[in-house]
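Q:
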Amino acid sequence: EDILAGETEIFKTWCVSVGGVSADSHVRRILNRIFGHEYSLLFNFTGRGGKKSYSKLAICPIVNGAVIESHKVTEQVVEDVCANFFRYAKDRKGGRSKRMKNL
Numbered sequence: 001e002d003i004l005a006g007e008t009e010i011f012k013t014w015c016v017s018v019g020g021v022s023a024d025s026h027v028r029r030i031l032n033r034i035f036g037h038e039y040s041l042l043f044n045f046t047g048r049g050g051k052k053s054y055s056k057l058a059i060c061p062i063v064n065g066a067v068i069e070s071h072k073v074t075e076q077v078v079e080d081v082c083a084n085f086f087r088y089a090k091d092r093k094g095g096r097s098k099r100m101k102n103l
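The sequence shown runs 1 to 103 under the UniProt record's numbering.
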């Protein structure tokens with residue numbers, strides 16, 4: 001976040017350039033590149049349950065703005081996709097199949 005302070009326009013341009021065929025895929029592509037799998041497990045959208053809050057990070061409004069500008073969607077749509085990205089992070093990279101084997 002300290003690095004981002006003076007580089008918001010560059011970061012927003014990068015977010016727009018990541019692109020996606022829809023707002024949903026655009027948000028997921030950005031978040032995958034920023035967080036990766038292991039780091040995404042430490043976050044959720046609101047910060048509940050002892051996790052860190054994505055919505056309070058400085059990158060949140062920049063990512064929102066980039067996707068809204070690119071796809072003409074509402075902020076609510078972007079926030080819902082972000083929330084689901086973190087909600088289902090544990091299911092990616094074989095997480096779901098590991099849990100199903102343990103049942």
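Quick reminder that beta carbons are idealized off the backbone N, C-alpha and C, glycines included. No experiment lies behind these values; they were computed from the predicted model shown.
If we ignore side chains and look at the alpha-carbon of each, how far apart do A58 and T8 end up?
A: Each residue's alpha carbon lies about 9 Å from the other.
Q: By DSSP, does F45 sit in helix, in strand, or in coil?
A: Residue state, collapsed to three classes: coil.
Q: Measuring from the CB of Y88, is there a heavy atom of the ligand MG at a distance below 6 Å?
A: No copy of the ligand MG appears in this structure; indeed no ligand is present at all.
Q: Classify S40: buried if its beta carbon has 16 or more other beta carbons within 10 angstroms, exposed otherwise.
A: S40 is buried by the Cβ-count criterion.
Q: Which residue's Cα is closest to the Cα of F45: C82, I10, T74?
A: If we check each option's Cα against that of F45, C82 comes out closest.
Q: Tell me the residue span of the alpha helix (DSSP H) that contains V27.
A: It spans 23 to 40 - the alpha helix (DSSP H) in which V27 sits, taken as one unbroken run.
Q: Mind checking who S53 pairs with in its DSSP beta bridge?
A: Paired residues: N44.
Q: What separation, rounded to the nearest whole angstrom, lies between the Cα atoms of K51 and F43?
A: Their Cα atoms are separated by approximately 5 Å.
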